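Numbered per the numbering used here, the sequence shown spans residues -19 to 352.
Positions of the beta carbon are idealized from the N, C-alpha and C atoms, including for glycine.
Since this is a predicted model, take the numbers as computed values, not measurements.
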Amino acid sequence: MKLTEWTMEEQEKLIEFMTTNSWPYHGHEHPVRALIEKTIVEGGYKSDQVKTFWIENDEGEQVGLVKIFDLQDDIPLFDLRIADSYRGQGYGPKALRIIADFVFSLKEKKIRLEGHTRHDNFAMRKAFERTGFVKEAHLRQAWFSPKQNRYYDAVTYGMTREDWEAGVTTPVVWDDDVKAPAEPPFNPLLLEFPDSFESERLLIRSPKKEDALLSFEAVRHSLEALRPWMPFAQREPNLAEMTANLIEAEADFKLRKDLRLHFFDKKSGQFIGSSGLHRIDWEVRKFEIGYWVDSRFEGKGYVTEAVERITRFAFEELEANRVEIRCDPDNVRSRAVAERLGFDLEGILRKDSVSRHDGKVRDTCVYAKIRA
């Protein structure tokens, strides 16, 4: 098979071809002479944008006609018609192959070739698919038939230069629901927040290795007061262990695993006590506040001031949804801090923990504040 370019001298032959065959899947099933003549005069079959070819079989018979248009564009279109007497003989797929070869061999290096047909033109659709064209669109109610006075669905098939050159068919991926790009999972290591802040009387900051001696002295002076409630106060403090513990605490703060906070008197620089945000759940944004104070500074409201400021820090800087205070029911000083700051007693967990001090199983009070 081959393509032979139609010339203006062949007007009568073209008019006869178009008017003596039927075209049930085109806009005009039986186009009249006047319409064909008008189209020829207006350049609808031959111009800078349009070329028309006879499709000839190996015997030299003109079995069809193809009009290739939008030739000045990167993406030409075509209109293929096989004469009534030659349909069903496999000429459609063969014609499509030589049309594709012609278009992609043009010096302008066309990007792709497109063809459209009515969705129920199954012969043409099979020809497209057998030739390596890919269905790329299904347009609902887009093809008007004057004879039936109704709209049909239309389908678009295309072939890319890359597929033509490689001799392959690349299917369209239809599962392409528009979705916003997924946000990367939250990584607390990337969360920026200050490692120090102030209240009226206190400087509150992350722990440092250099705090070891100050913390050691505070625990040593407060051992008897801390022993019933704090696991670390069950024996005399050890400076080397305290130093190692603070190195670990400093690293945990940077890794956002645990946020220990030391608080100091702003005027004198004296170490007052330790607090922080522990048992962190970054997904929920839940934190637990713990605290202890050097017994030499008890009764001055430092703990209440520190816990109030740390709670505010949790909600304002860390976007906490929940902040808890947990303590033994008999630890009246700790409970007083929670109640003074408006934490709600949500419940008492019975037989919840074992005391490091006396080995007894104890209850736990759970106080909490939540984001409004």
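Let me check understanding here. Comparing Cα to Cα, which of the options lies closest to residue i?
| i | options | result |
| --- | --- | --- |
| I79 | L119, G40, K31 | K31 |
| F293 | F49, G23, I184 | I184 |
| L194 | R105, G249, Y137 | G249 |
| F33 | A14, F82, G70 | F82 |
| E178 | A229, D155, F243, K115 | F243 |
| F251 | R259, D274, G270 | D274 |
| E39 | K47, Y66, F277 | Y66 |
| F323 | V312, A348, T19, L329 | A348 |
| G147 | K18, N129, R181, F84 | F84 |
| L76 | K87, D64, K89, V114 | V114 |
| R320 | A286, G327, I328, K159 | A286 |
| G339 | E41, R207, T149 | R207 |
| G70 | M104, R289, I269, A318 | M104 |
| D64 | P4, L93, G24 | P4 |
| E(-4) | E163, K87, A14 | A14 |
| K87 | Q52, G72, F102 | Q52 |
| N225 | K188, L235, G253, D245 | K188 |
| A117 | G68, E94, R289 | E94 |
At which residues does the beta strand (DSSP E) containing residue i begin and terminate?
| i | result |
| --- | --- |
| S333 | 324 to 334 |
| F58 | 57 to 62 |
| W144 | Segment 141 to 146 is the alpha helix (DSSP H) holding W144; no beta strand (DSSP E) there. |
| S195 | Careful: S195 lies outside any beta strand (DSSP E), inside the alpha helix (DSSP H) at 192 to 206. |
| G253 | 251 to 261 |
| A348 | 341 to 350 |
| L353 | Not covered by the structure: residue 353. The range shown for the chain is -19 to 352. |
| T(-1) | Premise fails: T(-1) lies in the alpha helix (DSSP H), -9 to 0, not in any beta strand (DSSP E). |
| A122 | 114 to 125 |
| V46 | 42 to 49 |
| K(-18) | -18 to -15 |
| G95 | 92 to 98 |
How big is the Cα-Cα spacing for residue i and residue j?
| i | j | result |
| --- | --- | --- |
| A134 | H96 | 7 Å |
| F267 | R306 | 11 Å |
| E190 | F233 | 15 Å |
| K247 | D175 | 19 Å |
| E228 | W154 | 53 Å |
| R302 | L171 | 18 Å |
| E230 | A198 | 19 Å |
| E22 | E(-15) | 18 Å |
| T284 | I260 | 21 Å |
| A220 | A352 | 44 Å |
| R98 | N1 | 18 Å |
| T149 | G112 | 5 Å |
| F277 | P161 | 54 Å |
| G270 | E163 | 33 Å |
| T19 | P151 | 36 Å |
Within its chain, find whatever has a CB closer than 6 Å to the CB of residue i; leave out the 5 residues flanking it on each side and keep chain order.
| i | result |
| --- | --- |
| R336 | P211, Q214 |
| L203 | A213 |
| F124 | Y131 |
| R61 | G44, L45 |
| V341 | K331, V334 |
| L353 | In the structure as shown, the chain begins at -19 and stops at 352. Residue 353 is therefore absent and cannot be evaluated. |
| K127 | E9 |
| S186 | D175, F233 |
| K122 | It should be noted that the sequence gives Ala, not Lys, for residue 122. Only A134 meet the Cβ criterion. |
| L119 | A134 |
| F108 | Y137 |
| F173 | E297 |
Alpha helix (DSSP H) containing residue i: first to last residue?
| i | result |
| --- | --- |
| F293 | 282 to 297 |
| T149 | That residue, T149, is in no alpha helix (DSSP H); it is neither H nor E in DSSP. |
| K18 | 13 to 21 |
| R320 | 312 to 320 |
Looking only at its chain, what residues have a beta carbon closer than 8 Å to the beta carbon of residue i, apart from the 5 residues adjacent to it on each side?
| i | result |
| --- | --- |
| K74 | M(-19) |
| K91 | Residue identity check: residue 91 is Ile in the sequence provided, not Lys. Excluding sequence neighbours, I91 sits near D54, I55, T140, R141. |
Enumerate in chain order the residues of its own chain whose CB-to-CB distance from residue i is below 7 Å, with the five nearest sequence positions on each side excluded.
| i | result |
| --- | --- |
| R315 | C307, C345 |
| P217 | F196, V199, R200 |
| M(-2) | P11, I16 |
| D50 | Q29, P56, L57 |
| N311 | W209 |
Please confirm if the region -17 to -8 is in contact with the region 4 to 15, defined as three or more CB-CB distances below 8 Å between the two stretches.
-> no
Three or more C-beta pairs closer than 8 Å, one from the region 164 to 175 and one from the region 134 to 145: is that the case here?
-> no
With a cut-off of 8 Å, do at least 3 Cβ pairs link the region 257 to 276 to the region 296 to 310?
-> yes
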